[in-house]
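Peer 1:
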Amino acid sequence: SRAGLVHAVSDAGVFASLPGLPPEVLRHDPPAGAGGLVAALPARFDALGVGPGWGRGEARVADLRALAARCRELGVPLVLDAEGLHSLGRTGPLQHAGMVLTPHAGEMAALAGCPPEELAQEPRPALASLAKHHGAVILFKGAVTWIVDPTGQFSVYDGANPLLAQAGSGDILAGIIVAVLAGLRRTEMSVEAACLAAACAGCLCLARAGQIAWRNHGWVAASGVVAMLPAVWAEAAPAGLRGTEFAEEVP
């Protein structure tokens, strides 16, 4: 994935409740008070993912604005998932050029202000409008995955897998996208183009991991899908993990 160093930043006490982090992950406990999360970030980083397990407290609105401001200052891409998307719904546009949003149907309906049934029938108008409004790449998760950038360019992946319709799959997807973005920061690709490429690559890499897991093991938990990712990286290496080779553009 090219993510050579992974940092985990979370509220005080959260790490104590976890069974343990892999030795590759460096943990950071933020200081108490406003601005603690930003203060706990490393001085340099290549991509930031926010949201899974984050909570929905009122302080998260200010936290998200501060994290986005730090990413904007450094020119670093930002990936929002889960509770990060809930906070985005309360902050409004963050004025950050390099963002990927990864909503499922319920989160997308809340952000776009339209019923899920409307999205199920024809998601493209709402997706294009939301992408333009936030200046972000939107990856709309579902049996069919839709990806759109702020200019209205769509890509679609139609490859449903029951393994990916379980808790934890979206968190894995967000992590893959952040990891690929971190690698693409070391290329000449613009941050906007990297966000689209990473979203497409993340979608296809997770889908392929699910296929390998289903073929070899049948039903496994989301952690079993993660275990298949090294095989996916090996397959994708000739394509450079840029994502553009994987996506199919649609009108």
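The opening position of the sequence shown corresponds to residue 1280 in the numbering used here, with each subsequent residue numbered one higher.
C-beta atoms are modelled at their ideal positions from N, C-alpha and C, and glycine is treated no differently.
Entirely within the region 1358–1444 and at least 4 residues each: give me those alpha helix (DSSP H) ranges in chain order.
Peer 2: Runs of the alpha helix (DSSP H) inside the region 1358–1444: 1362–1370, 1384–1391, 1395–1400 and 1403–1413.
Peer 1: Is the region 1372–1386 in contact with the region 1413–1430, if contact means three or more CB pairs nearer than 8 Å?
Peer 2: Verdict: yes, contact present.
Peer 1: Per DSSP, which residues does Arg1306 bridge with? Please list them.
Peer 2: Your numbering for residue 1306 matches position 27 in the sequence shown. Ala1287, per the DSSP bridge assignment.
Peer 1: Please classify Arg1335 as buried or exposed, where buried requires at least 16 other C-beta atoms within 10 Å of its C-beta.
Peer 2: Position 56 of the sequence shown, counting from 1, holds the residue named residue 1335. Classification for Arg1335: exposed.
Peer 1: Applying the 10 Å Cβ sphere with the 16-neighbour rule, what's the burial state of Ser1296?
Peer 2: Position 17 of the sequence shown, counted from the start, is the residue given in the question as residue 1296. Classification for Ser1296: exposed.
Peer 1: Return the bridge partner residues of Leu1547 from the DSSP annotation.
Peer 2: The shown model of the chain, from 1280 to 1530, leaves out residue 1547, and the question about it has no answer.
Peer 1: Can you name, in chain order, every residue of its own chain whose Cβ lies under 7 Å from the Cβ of Gly1503, other than the five neighbours on each side?
Peer 2: Numbered from its first residue, the sequence shown carries residue 1503 at position 224. Taken in chain order, the residues that qualify are Ala1492 and His1496.
Peer 1: Exposed or buried, which one is Trp1425 when buried takes at least 16 other CB atoms within 10 Å?
Peer 2: Sequence index remark: in the sequence shown, residue 1425 carries index 146 (1-based). Result: buried.
Peer 1: Please name the residue in Pro1302, Phe1324 and Val1293 whose C-alpha comes closest to that of Trp1333.
Peer 2: Position 54 of the sequence shown, counting from 1, holds the residue named residue 1333. If we check each option's Cα against that of Trp1333, Val1293 comes out closest.
Peer 1: Drop a sphere of 10 angstroms on the beta-carbon of Gly1299, count the other beta-carbons inside from all chains shown, and report buried for 16 or more, exposed for fewer.
Peer 2: Looking up residue 1299 in the sequence shown gives position 20. It counts as exposed.
Peer 1: I'd like the list of long-range same chain contacts for Leu1443, defined as Cβ closer than 8 Å, with 5 residues on each side in sequence excluded.
Peer 2: In the sequence shown, residue 1443 corresponds to position 164, counting from 1. Only Leu1485, Ala1486, Gly1489 and Val1504 meet the Cβ criterion.
Peer 1: Going by DSSP, what residues sit across from Leu1327 in a beta bridge?
Peer 2: If you number the sequence shown from 1, residue 1327 lands on position 48. Answer is Leu1357.
Peer 1: Could you check where the alpha helix (DSSP H) with Ala1510 kicks off and where it finishes?
Peer 2: Position 231 of the sequence shown, counted from the start, is the residue given in the question as residue 1510. Start and end: Leu1508 to Ala1515.
Peer 1: For the alpha helix (DSSP H) containing Ser1502, name the first residue and the last one.
Peer 2: Here residue 1502 corresponds to residue number 223 of the sequence shown, with the count starting at 1. Unbroken alpha helix (DSSP H) run through Ser1502: Ala1501 to Val1505.
Peer 1: With a CB to CB cut of under 8 Å and the five nearest residues on each side skipped, what residues in its chain are close to Arg1344?
Peer 2: Sequence index remark: in the sequence shown, residue 1344 carries index 65 (1-based). Within the same chain, Arg1344 has close Cβ partners Thr1370 and Leu1373.
Peer 1: Return the first residue and the last residue of the alpha helix (DSSP H) that Ala1461 is part of.
Peer 2: As a working mapping, residue 1461 is identified with position 182 in the sequence shown. Unbroken alpha helix (DSSP H) run through Ala1461: Ser1448 to Leu1463.
Peer 1: Would you tell me roughly how many angstroms separate the C-alpha atoms of Ala1472 and Cys1479, rounded to the nearest one?
Peer 2: If you number the sequence shown from 1, residue 1472 lands on position 193. If you number the sequence shown from 1, residue 1479 lands on position 200. The straight-line gap from Cα to Cα measures roughly 11 Å.
Peer 1: Can you tell which of Asp1325, Asp1437 and Pro1331 has its C-alpha closest to the C-alpha of Ser1225?
Peer 2: The requested residue 1225 does not occur in the structure, where the chain is confined to residues 1280 to 1530.
Peer 1: Which of the three DSSP states is assigned to Pro1530 in this structure?
Peer 2: Numbered from its first residue, the sequence shown carries residue 1530 at position 251. Its pLDDT being 39, under 50, Pro1530 is placed unreliably in this model, and the value from its coordinates should be taken loosely. Coil, per DSSP.
Peer 1: Can you have a look at Leu1508 and say buried or exposed, based on whether 16 or more other CB atoms are within 10 angstroms of its CB?
Peer 2: Position 229 of the sequence shown, counted from the start, is the residue given in the question as residue 1508. Leu1508 is buried by the Cβ-count criterion.
Peer 1: Between the beta-carbon of Val1340 and the beta-carbon of Gly1363, is there less than 8 Å?
Peer 2: Within the sequence shown, residue 1340 is the residue found at index 61, counting from 1. Within the sequence shown, residue 1363 is the residue found at index 84, counting from 1. No. Outside cutoff.
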